[in-house]
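Numbering (the UniProt record's numbering), first residue to last: 1 to 250.
Quick reminder that beta carbons are idealized off the backbone N, C-alpha and C, glycines included.
In structure tokens form, the structure reads like this:
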């Protein structure tokens, strides 16, 4: 873990998976590359997603191809440095590259989020129905049944801490924790239904969850690729640190 904590924000998903699941768990598969008995690279497979940290460029293109084939990898999540080292490999029609900004918040700016409430179990169905309406999620969304299963499990395990704005029984805006470590928490799944945008709802659910994370003595982190979303997060108090890449394997 000391090796991964060289870049704790960029490696949040790697650290979170290892902290939250035993290394012997059937849910994750972890590999390390060593040089002179020192860890130099870490690879982790969760479901059909490959995450890796390879600052010394020891992971070969051949090894990546073997992983894709053997484990039916559909997504790769890496930091900016790891992407630059393999830019030529990923820059072809076999992959769809999603470049995202990474931002953190040390202090929340003043914002009214009195409409926001913490979700209850009965809200999970509406949260997932809302996700189906968000075109930005198309490349990363599974079936409704699978989404509901994951969201319900994360809610029951007290992982996601979903914050919502809703009207009657319909969720209009949502934000949740995707992953967390002992030091930080990744905020994601942020959306507002199209017909309710321009009302500040996305800002409000994000701000409420950011406050919750800060009050629990962790650093809030989020990714975004939409400049309009970026301006919203900056108004809340987030500052951009760099980039991460989520790569879809075609």
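Going by DSSP, residue 203 is part of no beta strand (DSSP E) but of the alpha helix (DSSP H) stretching over 201-215. In the DSSP assignment, residue 8 falls outside any alpha helix (DSSP H), carrying neither H nor E. Annotation: residue 195 is outside any beta strand (DSSP E) and is labelled neither H nor E by DSSP. Secondary structure note for residue 85: its alpha helix (DSSP H) is the uninterrupted segment 80-85. With a threshold of 16 other beta carbon atoms within 10 Å, residue 94 falls short and is exposed.
Within the region 100-171, the runs of beta strand (DSSP E) at least 3 residues long that lie entirely inside it are, in chain order, 163-167. Contact between residue 243 and residue 99 is confirmed by a C-beta separation of about 6 Å, below the 8 Å threshold.
Where residue 230 is concerned, the enclosing alpha helix (DSSP H) starts and stops at 227-236.
Scanning its chain for C-beta atoms nearer than 8 Å, with the 5 sequence neighbours on each side dropped, one finds around residue 49 the residues 73, 74, 75, 76, 77, in chain order.
Bounds of the alpha helix (DSSP H) holding residue 65 are 61-71. DSSP links residue 16 through a beta bridge to no other residue.
As computed with DSSP, residue 53 is found in a beta bridge with 42. Within the same chain, and ignoring the five residues on either side of residue 207 in sequence, the residues whose Cβ sits closer than 6 Å to its Cβ are 111, 113, 236. With a contact defined as Cβ atoms closer than 8 Å, residue 232 and residue 185 miss out at about 19 Å.
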